[in-house]
Every structure is written in structure tokens, then in C-alpha cells.
Amino acid sequence: MQTRVFPLVLAAALAVASPAVWTPAGAADGDRRPTPDLIAQNCATCHGMDGRVFTEAMPALAGMDPEDFVAAMRAFRDDRRPGTIMDRIAKAFTEDDVAALAAHYAALPADPLPQEAHR
Amino acid sequence: MSPNSLILSRRRLLAGAAATTGLALAAPVVRAQPARHRVVILGGGIGGTTAAKYIALTNPGVSVTLIDRDRTYYTCPRSNDVIVGVHDMRTITFTHDAVMSRYGVTGVFGEIVGVDRDRRQVAMADGTRVPYDRLIVSPGVDLVYDSVWGYSEEVADTVMPHGWHAGRQTELLRDQLKAVPQGGRVIIVAPPNPYRCPPGPYERASMMAEWMQHHNPTGKVLILDPKNAFTKDGPFKAGWERLYGFGTDKAVLEWIPAAEGGLVSAVEPGTMTVEAAGGRIRGDLVNVIPAMRAGRLAGTLGLTNGDGWCPVDQSTFRSDLAEDTHVIGDACIAGAMPKSGYAANSQAKLVAHVIRAELAGEPLPVPTFANACYSLVGESYGVSIASIYEVDPAGEIVNVAGSGGVSPVDDAPNRPVLEAVYQKNWHRTFAADVFS
Ligand SMILES: Cc1cc2nc3c(=O)[nH]c(=O)nc-3n(C[C@H](O)[C@H](O)[C@H](O)COP(=O)(O)OP(=O)(O)OC[C@H]3O[C@@H](n4cnc5c(N)ncnc54)[C@H](O)[C@@H]3O)c2cc1C
Numbered sequence: 124m125q126t127r128v129f130p131l132v133l134a135a136a137l138a139v140a141s142p143a144v145w146t147p148a149g150a151a152d153g154d155r156r157p158t159p160d161l162i163a164q165n166c167a168t169c170h171g172m173d174g175r176v177f178t179e180a181m182p183a184l185a186g187m188d189p190e191d192f193v194a195a196m197r198a199f200r201d202d203r204r205p206g207t208i209m210d211r212i213a214k215a216f217t218e219d220d221v222a223a224l225a226a227h228y229a230a231l232p233a234d235p236l237p238q239e240a241h242r
Numbered sequence: 272m273s274p275n276s277l278i279l280s281r282r283r284l285l286a287g288a289a290a291t292t293g294l295a296l297a298a299p300v301v302r303a304q305p306a307r308h309r310v311v312i313l314g315g316g317i318g319g320t321t322a323a324k325y326i327a328l329t330n331p332g333v334s335v336t337l338i339d340r341d342r343t344y345y346t347c348p349r350s351n352d353v354i355v356g357v358h359d360m361r362t363i364t365f366t367h368d369a370v371m372s373r374y375g376v377t378g379v380f381g382e383i384v385g386v387d388r389d390r391r392q393v394a395m396a397d398g399t400r401v402p403y404d405r406l407i408v409s410p411g412v413d414l415v416y417d418s419v420w421g422y423s424e425e426v427a428d429t430v431m432p433h434g435w436h437a438g439r440q441t442e443l444l445r446d447q448l449k450a451v452p453q454g455g456r457v458i459i460v461a462p463p464n465p466y467r468c469p470p471g472p473y474e475r476a477s478m479m480a481e482w483m484q485h486h487n488p489t490g491k492v493l494i495l496d497p498k499n500a501f502t503k504d505g506p507f508k509a510g511w512e513r514l515y516g517f518g519t520d521k522a523v524l525e526w527i528p529a530a531e532g533g534l535v536s537a538v539e540p541g542t543m544t545v546e547a548a549g550g551r552i553r554g555d556l557v558n559v560i561p562a563m564r565a566g567r568l569a570g571t572l573g574l575t576n577g578d579g580w581c582p583v584d585q586s587t588f589r590s591d592l593a594e595d596t597h598v599i600g601d602a603c604i605a606g607a608m609p610k611s612g613y614a615a616n617s618q619a620k621l622v623a624h625v626i627r628a629e630l631a632g633e634p635l636p637v638p639t640f641a642n643a644c645y646s647l648v649g650e651s652y653g654v655s656i657a658s659i660y661e662v663d664p665a666g667e668i669v670n671v672a673g674s675g676g677v678s679p680v681d682d683a684p685n686r687p688v689l690e691a692v693y694q695k696n697w698h699r700t701f702a703a704d705v706f707s
């Protein structure tokens, strides 16, 4: 069973702000969940490696305030924030997944990565 | 005992092979040089290049070699908009240089002809041998030319391109589109399932229809399909109605499903004629996208089943048919995941974590995968599909229930515009994730 480390501040924020614990259908309580590291690598495809690529449309995630991150994911999940695809994606993750991701990104440096790979 | 077999033994130990357990424990672990596990990746396309980068990042002690026949890679993603001149080949042209220099990946360029399993070496056409402990195979797809009578590689390279491997084929289609006479007809022969990039033929037809509106207003695009449904067909058709008069007698774009005679059995390159179940029809541009199977290399290495695709354990992408071999990308059978670049990229990342866990003797990672795909119905009109996947108790990759899906159709007018902006941004971030 992996352990997740996230700032106590965030844990406290979650405890206050979380109205109900969200579990996507099929994710039973106590299941081992994917690590934030692996989930985040899948986010990288749009948001850049380590969430450190900036485009007009897709925000960088590195260095993001964890409370903002959690609030955004909940808003997408609950269809309170319009998105192109994040509304459909956010519904796949548990509250714990999102908290772990928030801590993961908060700990990363917020400067952009080089990304020019063209010939 | 060679240094590398230590790692092998440790892995067998994990797998619970009692016979090797004693051996591994008895091995001179302390005195052995720390062996560098040698991962060799066959195919430096989207799956393979992502694997090289992320295996190196996730496993600092491992030696990573990436082999491809070409130093230059053209992404199929956004190749449809090259065909209609929204941008040029430069946008889809990449090399492996950044992944090699930034992450310490060794590049080997040449044709892979086989694998010597006893000696644990990859055999190259020029006689070079590349030693490995573990193979990652991502050879993409092979086009089954003879699935359409009269079609062949030679025909594809001249009069009836497929455009399903980007590069020269993309340029051929671009040039032939420009040469269609006023009032002429483009025919796209869509492939049967399963195939690389399920929305690809429909995106291409859309882009060509938009091009016609601007440059050849009396021209038409006709899709002949061996299927009766396709991915995102709801939002696609809604877009076609809005943009191209789909379903009216003024339609720039028509789609003939199997039920209406869309199944094509033969082509006649000399007369540019297509033989469909519904009748014979001539085109000024005929784009034949034939049936597909795993890239030829997968067959050569004995990794394919009777249908021509590679069965794998969907939690680790280990081949069901060969030891120490993972197959990722279009070539493998990955449950609910489509044959897309995003999927190949996501599978590569899981394999990087599987390797880390196996080498560290830790439990295998809990798999999670993603796929998101924006298609253009017009240059400023996008539609999308997005999914997060998990592995179900039966070992099959499934969509996480209650999540994912396609763009809603009854939507705010700005959504398709935004999705088109995201499509362009996605290609940039995606290409950077793979190639830089
Ligand atoms: C028109 C079109 C549009 C697309 N758009 C999108 C999109 O928007 N989003 C998306 O996610 N996907 C898209 N795709 C799908 C995407 O291109 C593929 O799913 C992806 O390329 C699969 O990666 P792969 O690693 O399996 O194969 P590939 O990327 O094809 O890589 C295979 C590599 O193996 C090499 N190779 C094979 N055999 C040998 C050998 N014997 N010796 C040496 N080298 C060898 C090849 O040279 C090649 O570089 C699109 C596809 C098409 C056709």
C-alpha cells in the first residue's frame, strides 16, 4: 500500500472544503490507486512534462496553489466550470487522487521547460 | 553468471519461480558490478520515443537504446491539415536528437531485421547486433494492401495514396488535392476496424470539404465506408450539417456507410475507379485507407496472433508470446484504448513505471491511462473524445465508469471554436512530451 504525502495545510483545507467524498463508480474504498507521479505523466501530454509547458489554451500546472488545483478539479467534475475535455476527465479521479496531484504539482518548479524539438 | 542475469533472476524471483529463487539468493550479489539493465526500444515513433524518454527519466540506472530506420519522424497527428495547406510539413517534422541528448538515450538508426533470443541481441540489416535485457516493441501499423483488390504499395506510392504513414504520402495527397479539376470528386475509402486513428478518415474528409468550399466550390468529397458507425460520429455529423450541407442536395461531403453500399472491394488505378457494393464510381483523387495489422516487425518477431495484432498483459504490456518483451502502441491489443498517439504515449509511461517496480522489487504500479483526441471538422471547428482508463479485475483495460466521452452536440457555439484552438495547442505540447 503506497502512502501519499501531502502538505498538512492542504489536508486541512480539504477537510473543511470537501462537502462529500467523491469516488468514481468502480473505485472501491481501500483499493490501491495509481500514484500521482504516474497520473501526472498522463497529464503531461497536454500540460507539458511536470506541468511545465505554457500554451495559449492549456495552463501550466507546476507550482499551482494546491487549493486552486483541488477547487478547479472539483468544479470540472461537478460541471460547474466549462471545459473542453477536463469536465470529462476530472470525473475519473477520487478526492485522494486529486489531493495527491495537487501536492505533486505544488512541489514542482514553475518555470517553463525547453520544448523545441522541430527539425 | 553474467551481471545481467542477476537482474533476470531477481525478476524471476518476483514472479515467484521457486527454482530460480535459490539461484538468485546464492548469486554473488555483493561482488557483482551493479549491472545496468539494458532496455532496447524497437521503433522510434510516438510510442517508442516516449518510452525512451520516460524510461530514462523514471529509471536513472538503466541503459536505454532507441532504434528506428529513420532519423526523421513525421507525426500523423496534424498531417490532415498539412494536406489542405493549413500549415506545412515543418509542423509535423521531428527528430530523436533532443531525447538522445537530454536523457542519455542511445540512438541506433537502421532497419531491424530480427531478434536472436538465445544471445539476447537485436539484429540489424547492416549486420550490427544490439544486446538487450528487455525489449520494448512499438512498430506501429502495417497496411494490408491486398485487403482491396487491385491496390498495392506501388499504387499507393503513385496514383492512390493512403496518407496513413505521414511524410511522402502526406505530400502526395496534398499535391493531388490541388490537382483535382473544378467540380471534381475526391473519394476516401475508409478502413474496417480496428485501425490506427479511428477519427482520422472523417477528419481528413472534413478538411478536404472545407478546402473545396474555398478552392473548388463545385467539387465534392465522398467517403465510402465498410462500417455503419464511427467514433465521434454524432458531433462529426452535426458539424458536417453546419458547415458542409451534410444530408442536403447541396452537400459538399457525403458519407456512404456499409448499409448503403459503402464497402469497397476493388480499385482500378488505370481508370481511377472504385468498385463499391453500391456500384462503380470514378474519382479525381482516390485515397484508399486499407485494412491494418501490427507493423511487420511484430510478425517477424512472433508477437502477433492470428488476426495480426499483439496480445499483451494489459497491466504491464508484456507480450503474451515472448519473454522479456513489451509491446505498446498501435501494434498491441489494449482493451478499450484506441490506436492513437496519445494512447501509445500513455502506455509507454506505464511501462516505465513497470520497469522501475520490477527492478526495485516493488509491487507493480496500479495502471492508469489517458487518451484525448481533438479532430478538426473545419479549421476553426473541433470535436473531441477523452477517456481515462483502468484495468478491470479480469485484466482488461476499460474506461473509468462515469467519466470520459465525446463533445456534446447541442452545444454553445464557442465550444467547437475552442476545441479547434485546443487541437493546435495539443499537438505542440504532445510533440514536446514525446520528442523533447
Ligand atoms: C491521419 C492521422 C491522424 C492522426 N491524428 C492523431 C491525433 O490527432 N492524435 C493521436 O493521438 N493520434 C493520432 N494519430 C495516430 C498516431 O499517429 C498513431 O497512433 C501513433 O503513431 C502510434 O505510435 P506507434 O509508436 O505505435 O507507431 P509509429 O508512431 O508509427 O512508430 C513506429 C516506428 O517504428 C519504426 N519501425 C517499424 N518497423 C521498423 C523496423 N523493422 N526497423 C526500424 N524501424 C522500424 C517506424 O519507422 C516508426 O518510426 C493519427 C494517425 C493518422 C494516420
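Protein chains in written order, with the numbering used here: chain A, 124 to 242; chain B, 272 to 707.
Think of the CB as a built atom: it goes at the ideal place given N, C-alpha and C, for glycine as much as any other residue.
Exercise for the section: Mind checking the segment 153 to 173 of chain A against chain B and listing, in chain order, the residues whose C-beta falls within less than 9 angstroms of any C-beta there? Expected result: D154, R155, R156, P157, T158, D160, L161, I162, Q164, N165, C166, A167, T168, C169, H170, G171, M172
Handout entry: Rounded separation between G293/B and A394/B - CA only
Key = Here the question's residue 293/B lines up with position 22 in the second sequence. Here the question's residue 394/B lines up with position 123 in the second sequence. Low confidence applies here, because G293/B scores a pLDDT of 37, under 50, leaving its location unreliable; read the following figure in that light. Roughly 33 angstroms separates the two Cα atoms.
Practice task
Thinking A565/B and P410/B are a contact (beta carbons under 8 angstroms), I'd like their distance in whole angstroms, please.
Solution key: Here residue 565/B is taken as the residue at index 294 of the second sequence, counted from 1. Here residue 410/B is taken as the residue at index 139 of the second sequence, counted from 1. The Cβ separation is near 7 angstroms, so the contact holds.
Handout entry: R400/B: first and last residue of the uninterrupted beta strand (DSSP E) it sits in
Key = Along the second sequence, read from residue 1 onward, the residue named residue 400/B stands at position 129. 400 to 402 is the span of the beta strand (DSSP E), which, as asked, contains R400/B.
Handout entry: Nearest-angstrom Cα separation, counted from N558/B out to V688/B
Key = Here residue 688/B is taken as the residue at index 417 of the second sequence, counted from 1. Here residue 558/B is taken as the residue at index 287 of the second sequence, counted from 1. Near 28 angstroms, if we compare the C-alpha coordinates of N558/B and V688/B.
Problem - Residues sharing a beta bridge with Q392/B, DSSP - result: On the second sequence, residue 392/B is found 121 positions in, with the first residue counted as 1. When DSSP reads this structure, Q392/B sits in a beta bridge with D387/B, P402/B.
Handout entry: For F640/B and A229/A, the rounded distance between their alpha carbons
Key = For this step, residue 229/A is matched to residue 106 along the first sequence. For this step, residue 640/B is matched to residue 369 along the second sequence. Going from the Cα of A229/A to the Cα of F640/B covers about 22 angstroms.
Problem - chain B within 8 angstroms of P142/A, Cβ atoms only - result: Against the first sequence, residue 142/A aligns to sequence position 19. Note that P142/A scores a pLDDT of 42, beneath 50, so its modelled location is shaky; the value from the coordinates is reported in the next line. Chain B, which has no Cβ nearer than 8 angstroms to the Cβ of P142/A, makes this no.
Handout entry: Counterpart residues of F177/A in DSSP-defined beta bridges
Key = Counting from 1 along the first sequence, the entry for residue 177/A is found at position 54. DSSP output for F177/A lists no bridge partner at all.
Exercise for the section: Identify each residue in the segment 198 to 216 of chain A for which the Cβ-Cβ distance to at least one residue of chain B is less than 7 angstroms, and report them in chain order. Expected result: Of all residues in the segment 198 to 216 of chain A, only T207, I208, R211, I212, K214, A215 come within less than 7 angstroms of chain B when Cβ atoms are compared, listed by chain position.
Exercise for the section: Assign W435/B to buried or exposed, taking buried as 16 or more other Cβ atoms, counted over all protein chains shown, within 10 Å of its Cβ. Expected result: Locating residue 435/B in the second sequence gives position 164, counting from the first residue. When all chains shown are included, W435/B counts as buried.
Exercise for the section: Please compile the residues from chain A whose C-beta is within a distance smaller than 7 angstroms of the C-beta of H624/B. Expected result: Along the second sequence, read from residue 1 onward, the residue named residue 624/B stands at position 353. Per Cβ cutoff of 7 angstroms: L161.
Handout entry: Distance, K503/B Cα to R309/B Cα
Key = By one-based count along the second sequence, residue 309/B stands at place 38. By one-based count along the second sequence, residue 503/B stands at place 232. Near 41 angstroms, if we compare the C-alpha coordinates of K503/B and R309/B.
Practice task
Take every Cβ of the segment 406 to 425 of chain B, pair it with every Cβ of the segment 308 to 327 of chain B, and state whether three or more of those distances are shorter than 8 angstroms.
Solution key: yes
Practice task
Please indicate yes or no: does the CB of I459/B lie closer than 7 angstroms to some heavy atom of ligand 1?
Solution key: The sequence position of residue 459/B within the second sequence is 188, counting from 1. Short note on I459/B: C-beta not closer than 7 angstroms to any heavy atom of ligand 1.
Exercise for the section: Using three-state DSSP, classify L294/B as helix, strand or coil. Expected result: As a first step, residue 294/B must be located in the second sequence, where it is residue number 23. Its pLDDT being 40, under 50, L294/B is placed unreliably by the model, and the measurement read from it follows with that caveat. Helix, per DSSP.
Practice task
Output the boundary residues of the beta strand (DSSP E) element that contains R553/B.
Solution key: Position 282 of the second sequence, counting from 1, holds the residue named residue 553/B. Where R553/B is concerned, the enclosing beta strand (DSSP E) stretches over 550 to 553.
Problem - Chain-order list of residues whose beta-carbon lies under 7 angstroms from that of Q484/B (same chain, five-residue window excluded) - result: Counted from its first residue, the second sequence places residue 484/B at position 213. Non-local C-beta neighbours of Q484/B in its own chain, meaning closer than 7 angstroms and more than five positions away in sequence, comprise V523, ordered along the chain.
Practice task
Please find out if some non-hydrogen atom of ligand 1 comes closer than 7 angstroms to the beta-carbon of G649/B.
Solution key: As a first step, residue 649/B is located in the second sequence; it is residue number 378 there, counting from the start. No, the beta carbon of G649/B sits no closer than 7 angstroms to any heavy atom of ligand 1.
Exercise for the section: For G385/B, verify whether its CB is less than 7 angstroms away from any heavy atom of ligand 1. Expected result: Taking the second sequence and counting its residues from 1, the one referred to as residue 385/B is at position 114. Outside the cutoff, so no.
Exercise for the section: Evaluate A703/B with the Cβ neighbour count: other Cβ atoms within 10 Å of its Cβ, from every protein chain shown; 16 or more gives buried, anything less gives exposed. Expected result: Against the second sequence, residue 703/B aligns to sequence position 432. In summary, A703/B is buried, with 16 or more beta-carbon neighbours lying within 10 Å of its beta-carbon over all protein chains present.
Exercise for the section: Pull up the distance between the alpha-carbon of V625/B and that of I459/B, whole angstroms please. Expected result: For the purposes of this step, residue 625/B is taken as residue 354 along the second sequence, with counting starting at 1. For the purposes of this step, residue 459/B is taken as residue 188 along the second sequence, with counting starting at 1. Looking at the two C-alpha atoms, the distance is approximately 41 angstroms.
Practice task
Within the same chain, show all residues whose beta-carbon is closer than 8 angstroms to that of R302/B, passing over the 5 residues directly before and after it, in chain order.
Solution key: Walking along the second sequence from the start, residue 302/B turns up at place 31. Low local confidence applies: a pLDDT of 40 at R302/B is under 50, so the model's placement there is unreliable, with the coordinate-based value given in what follows. Same-chain partners within the cutoff: there are none.
Practice task
Please indicate yes or no: does the CB of N685/B lie closer than 7 angstroms to some heavy atom of ligand 1?
Solution key: Taking the second sequence and counting its residues from 1, one reaches residue 685/B at position 414. No; taking the cut-off as 7 angstroms, the Cβ of N685/B has no heavy atom of ligand 1 nearer than that.
Practice task
Check the Cβ of E190/A against every Cβ in chain B and list those closer than 9 angstroms, keeping chain order.
Solution key: Counting from 1 along the first sequence, the entry for residue 190/A is found at position 67. Ordered by position in chain B, no residue passes the 9 angstroms Cβ test against E190/A, which lies about 23 angstroms from the chain.
Exercise for the section: Measure the Cβ-Cβ separation of Y345/B and T441/B and say whether it is below 8 angstroms. Expected result: Along the second sequence, read from residue 1 onward, the residue named residue 345/B stands at position 74. Along the second sequence, read from residue 1 onward, the residue named residue 441/B stands at position 170. Contact: yes.
Practice task
Assign N685/B to one of two classes, buried (16 or more other C-beta atoms within 10 Å of its C-beta) or exposed (fewer than that).
Solution key: Position 414 of the second sequence, counted from the first residue, corresponds to residue 685/B. By the neighbour-count definition (other C-beta atoms within 10 Å, threshold 16), N685/B is an exposed residue.
Exercise for the section: List the residues that DSSP assigns as beta-bridge partners of R589/B. Expected result: By one-based count along the second sequence, residue 589/B stands at place 318. For R589/B, which the question treats as bridged, DSSP gives the partners D584/B, H597/B.
Problem - Contacts of E179/A in chain B (Cβ-Cβ under 8 angstroms) - result: For the purposes of this step, residue 179/A is identified with residue 56 of the first sequence, where counting begins at 1. Within 8 angstroms Cβ-Cβ: V692, N696.
Practice task
Mind checking which residues open and close the beta strand (DSSP E) that includes W526/B?
Solution key: Stepping through the second sequence from its first residue, residue 526/B is reached at position 255. From DSSP, the beta strand (DSSP E) with W526/B extends over 524 to 527.
Handout entry: Runs of alpha helix (DSSP H) lying entirely within the segment 667 to 707 of chain B, each at least 4 residues, in chain order
Key = 685 to 706
Practice task
Starting from the C-beta of P402/B, find all residues in its chain whose C-beta is less than 7 angstroms away, skip the five residues before and the five after it, and write them out in chain order.
Solution key: Here residue 402/B is taken as the residue at index 131 of the second sequence, counted from 1. Around P402/B: R309, R391, Q392.
Practice task
Please name the residue, chosen from A461/B, D584/B, S658/B, that lies closest to A215/A on a Cα-to-Cα basis.
Solution key: Start at 1 with the first residue of the first sequence, and residue 215/A comes out as number 92. The shortest Cα separation from A215/A among A461/B, D584/B, S658/B belongs to S658/B.
Practice task
Please say whether A643/B and L635/B have beta carbons closer to each other than 8 angstroms?
Solution key: The residue given as residue 635/B occupies position 364 in the second sequence. The residue given as residue 643/B occupies position 372 in the second sequence. No, the pair does not count as a contact, with Cβ atoms beyond the cut-off.
Exercise for the section: Using only the heavy atoms of ligand 1, determine whether one of them is closer than 7 angstroms to the beta carbon of R699/B. Expected result: Residue numbering aside, residue 699/B sits at position 428 when the second sequence is read from its first letter. Because no heavy atom of ligand 1 lies under 7 angstroms away, the Cβ of R699/B does not count as near it: no.
Handout entry: Limits of the unbroken beta strand (DSSP E) element including Y558/B
Key = Residue 558/B sits at position 287 when you count from the first residue of the second sequence. Reading the sequence as shown, one finds Asn at residue 558/B and not Tyr. Counting along the chain, the beta strand (DSSP E) containing N558/B begins and ends at 556 to 559.
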